[in-house]
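Colleague: Residue numbers (the working numbering), protein chains in the order written: chain H, 1 to 295; chain R, 1001 to 1295. Ideal Cβ positions, reconstructed from N, Cα and C, are used throughout, including at glycine. From a predicted model like this one, the values you see are computed outputs, not experimental measurements. So that we are looking at the same thing, I have put the structure below in structure tokens.
Protein chains: 2
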Amino acid sequence: MTEPIFQRLTLIGMGLIGSSLSRRAKQSGAIAREVVACDLSADACERVRLLGIAHHVEPDAALAVQGADGVVLCVPVGVLGEVAARIMPHLAPGAILSDVGSTKQSMLREIEPILRRDVALVPGHPLAGTEYSGPDAGFSTLFENRWCLLTPPDGTDRGAVARIGAMWVACGARVREMDAAHHDRVLAIVSHLPHLLAFTICGTADDLADETRGEVLEFAASGFRDFTRIAASDPVMWRDIFLNNREALLEMLARFTEDAQAMARAIRWGDDAFIVDKIERGRAIRRSLIELNQA
Amino acid sequence: MTEPIFQRLTLIGMGLIGSSLSRRAKQSGAIAREVVACDLSADACERVRLLGIAHHVEPDAALAVQGADGVVLCVPVGVLGEVAARIMPHLAPGAILSDVGSTKQSMLREIEPILRRDVALVPGHPLAGTEYSGPDAGFSTLFENRWCLLTPPDGTDRGAVARIGAMWVACGARVREMDAAHHDRVLAIVSHLPHLLAFTICGTADDLADETRGEVLEFAASGFRDFTRIAASDPVMWRDIFLNNREALLEMLARFTEDAQAMARAIRWGDDAFIVDKIERGRAIRRSLIELNQA
């Protein structure tokens, strides 16, 4: 049998992503000889034990990373720096440190200054998720046919990048490397802005007079229902993403707002051609998505 | 056997809604003795004939309505007035005229001034649809467990309202009466604004530099995919809805934009509590939707 990618892989944070990666790694055998699961919540640790999705469960992150040649931080991006600082002195020499966060420039800003010279940093972001969270929400096929984006800074050890890439390929994902700033712009438009709009429209509806609000719920047509599905996601995770991808997100929101105002103006003045053109572009993007088998 | 609701029901416009209603009426027997389908497109008429979803197919609306005691206009709201003017002289005395449009004040504005005194007007709006269009897209169960909103003006013959309501109940829908202005506000927030946002974000993404645009399609995360599903809907229908519900839609967009700007400010200044509160409200609305079995 081929050697697994890691001897001991420690996953910190047993949410949807961490517990899915743990399940896959424990099932596969090709990823790691041993999987160590860590979560600061005693309840989460207990669930992981009962589910049997890791070889070891260790609530203390400093202990959990000892002897691990691979460590993946699967915590909300707002606590990445804090968790990294806590484990840094305890990492094994030569260990590879990665993460799964949705914002990559903030990750580098927080972790690069405290990074040990004998540890390789390979930031990662699997584009996968559901509106559910916690250790019970995970499943081993979550990453299949999904992208995982890696944003290693210049000069990162290529062997370390290859091993993290191989881990995601073993999870069924496709891997692409890109610059962290570019990653943050792309994600701002494909994911962070849509979520911001979804949360916002729910609030706008909630602020309407009571009578209308009840009817909003009662008569929710397909558009609003789709929006609220997005809006059901985890609040802390999304707060952290918004705050940590501030610049790109605010820029995309500004562009979007200009475009929405242009549409409002066209509606006010009855500019048929403008409106139809915008709608047609939406359909064209939809067709492209279907052609790319992403829909 | 009980008498059907109508002796002769004419449906003008064989899109998703018209062809679904035609299928249901032809199957049920309780709705009408005879179903007459009308569409100004020769192709659509041919498809209806081949599909066998009406008893008669008549491309000329003036001929199609002759002898009908029920007429439902299933055309985009932008041509409602024109079609109503065309058929008005040919309607049978005592006929009931209805529609299925998404904007009700505009419908009343266009049709009430030309309405014959011996014809009853019962505006209707079934809250049902898919992102597909045309006679082939329809299906007889489209309206099951969906709402149909009726907005009859004051003084409308109650017998006529009851018959149109009974038609929708026979389609499996739940019926509610409300004021046209109130209808337009509720629909602006649950349906029209979500569609406007979806069309707009597709355009915003499409305007990004070429390199990023390709990646938007490639990496479209779940948020963006859900938006583009909405954005795949029929352009002419949506243009007409936007233009005909202008006031309510622009008001809801203005409220939404204020809320989005407040969120942007909270992100810029790191106001954690504000952001989490907005996200929690989205989740609460989602939970309410699930409780109402609308999700």
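For residue 1241(R), which residues in chain H fall below 9 Å Cβ to Cβ?
Modeller: The premise fails here: residue 1241(R) is roughly 10 Å from chain H at the closest Cβ pair, so nothing lies under 9 Å.
Colleague: Cutting at 7 Å between CB atoms, please list the residues of its own chain near residue 157(H), excluding the five before and the five after it.
Modeller: If we look at residue 157(H) and ignore the five residues flanking it on each side, its Cβ neighbours are 120.
Colleague: Taking beta-carbon pairs under 8 Å, can you tell me which members of the segment 137-153 of chain H lie near chain R?
Modeller: Result list: 147 and 149.
Colleague: For residue 1097(R), which residues in the same chain have their Cβ closer than 6 Å to its Cβ, ignoring the five residues on either side in sequence?
Modeller: Result list for residue 1097(R): 1071, 1119 and 1121, in chain order.
Colleague: Any beta carbon from chain R within less than 9 Å of residue 264(H)'s own beta carbon?
Modeller: Yes, contact with chain R.
Colleague: Counting only Cβ-Cβ distances shorter than 7 Å, please list the residues of the segment 93-112 of chain H near chain R, keeping chain order.
Modeller: Answer in chain order: no residues at all.
Colleague: Would the beta-carbon of residue 1069(R) fall within 9 Å of that of residue 1006(R)?
Modeller: Yes; because the gap between Cβ atoms is below 9 Å, this pair is in contact.
Colleague: Using CA atoms only, rank isn't needed, just tell me which of 82(H), 66(H) and 77(H) is closest to residue 103(H).
Modeller: Answer by Cα proximity: 77(H).
Colleague: Could you list which residues in chain H have their beta carbon closer than 7 Å to that of residue 1202(R), in chain order?
Modeller: In chain order: 281, 282 and 285.
Colleague: Please confirm if the segment 201-221 of chain H is in contact with the segment 1232-1242 of chain R, defined as three or more CB-CB distances below 8 Å between the two stretches.
Modeller: Touching, no.
Colleague: Taking the alpha-carbon positions, what's the residue 300(H) to residue 10(H) distance?
Modeller: This structure does not reach residue 300(H), given that chain H is present from 1 up to 295, and the question cannot be answered.
Colleague: In three-state DSSP terms, what is residue 1151(R)?
Modeller: Looking at residue 1151(R) - three-state DSSP - the assignment turns out to be coil, as it is neither helix nor strand.
Colleague: Count the other C-beta atoms from every protein chain shown that fall within 10 angstroms of the C-beta of residue 1044(R), then say buried if there are 16 or more, exposed otherwise.
Modeller: Buried is the call here.
Colleague: In chain order, what residues of the same chain have a beta carbon less than 6 Å from the beta carbon of residue 1144(R), not counting five sequence neighbours either side?
Modeller: The residues are 1172.
Colleague: Out of 1088(R), 1166(R) and 1037(R), state which residue places its alpha-carbon closest to the alpha-carbon of residue 1020(R).
Modeller: Of 1088(R), 1166(R) and 1037(R), the residue nearest in Cα terms is 1037(R).
Colleague: Does residue 194(H) come out as helix, strand or coil in the three-state DSSP assignment?
Modeller: Helix at residue 194(H).
Colleague: Looking at residue 1184(R): is its Cβ nearer than 9 Å to the Cβ of residue 203(H)?
Modeller: Against a cut-off of 9 Å, the Cβ pair of residue 203(H) and residue 1184(R) comes out as no contact.
Colleague: Using DSSP with H/G/I as helix, E/B as strand and the rest coil, what is residue 92(H)?
Modeller: Coil.
Colleague: Less than 9 Å between the beta carbons of residue 124(H) and residue 164(H), yes or no?
Modeller: Yes, these two residues count as a Cβ contact at 9 Å.
Colleague: Are there 16 or more other CB atoms within 10 angstroms of the CB of residue 50(H), so buried, or fewer, so exposed?
Modeller: The residue in question, residue 50(H), is exposed, as its Cβ has fewer than 16 Cβ neighbours within 10 Å.
Colleague: Distance, Cα to Cα, residue 372(H) vs residue 1199(R)?
Modeller: Residue 372(H) is absent from the model: chain H starts at 1 and stops at 295.
Colleague: Would the segment 264-271 of chain H count as touching the segment 1020-1031 of chain R if we require 3 or more Cβ pairs under 8 Å?
Modeller: No: the two stretches stay apart, fewer than three of their Cβ pairs being nearer than 8 Å.
Colleague: Which residue from 1053(R), 1166(R) and 1079(R) puts its Cα closest to that of residue 1137(R)?
Modeller: Answer by Cα proximity: 1053(R).
Colleague: Spell out the partners DSSP gives residue 1177(R) in its beta bridges.
Modeller: Partner(s): 1150(R).
Colleague: Suppose contacts are defined by Cβ-Cβ distances below 9 Å. Is residue 192(H) in contact with residue 242(H) by that definition?
Modeller: Yes, Cβ-Cβ distance for residue 192(H) and residue 242(H) is below 9 Å.
Colleague: Would DSSP call residue 295(H) helix, strand or coil?
Modeller: Only weak support exists for where residue 295(H) lies, its pLDDT of 43 falling under 50; the value from the coordinates is given anyway. Coil at residue 295(H), not helix or strand.
Colleague: Counting only beta-carbon separations shorter than 9 Å, does residue 208(H) have a partner in chain A?
Modeller: In the structure shown, chain A does not exist; the protein chains are H and R.
Colleague: Under the three-state reduction of DSSP, which class applies to residue 135(H): helix, strand or coil?
Modeller: It is helical.
Colleague: Specify the secondary structure class of residue 76(H) as computed by DSSP and reduced to three states.
Modeller: In the structure shown, residue 76(H) sits in coil (DSSP, three-state: anything other than H, G, I, E or B).
Colleague: I need the boundaries of the alpha helix (DSSP H) containing residue 236(H), first residue and last residue.
Modeller: It spans 235-244 - the alpha helix (DSSP H) in which residue 236(H) sits, taken as one unbroken run.
Colleague: Can you tell me whether residue 282(H) sits near the ligand SAH, meaning its C-beta is under 8 Å from at least one heavy atom of the ligand?
Modeller: Within the structure as shown, the ligand SAH is missing, as the structure has no ligands at all.
Colleague: Is there at least one Cβ from chain R nearer than 9 Å to residue 2(H)'s Cβ?
Modeller: No, residue 2(H) lies away from the interface with chain R (no Cβ there is under 9 Å from its Cβ).
Colleague: Quick check on the DSSP output: the alpha helix (DSSP H) that includes residue 1116(R) runs from which residue to which?
Modeller: Note, residue 1116(R): premise wrong, no alpha helix (DSSP H); not H, not E.
Colleague: With DSSP collapsed to three states, give me the class of residue 1100(R).
Modeller: Three-state result, residue 1100(R): coil.
Colleague: Taking DSSP as the reference, what is the three-state secondary structure of residue 270(H)?
Modeller: Here residue 270(H) sits in coil by DSSP.
Colleague: Taking only beta-carbon atoms, is residue 1182(R) less than 9 Å away from chain H?
Modeller: It does; some Cβ of chain H falls within 9 Å.
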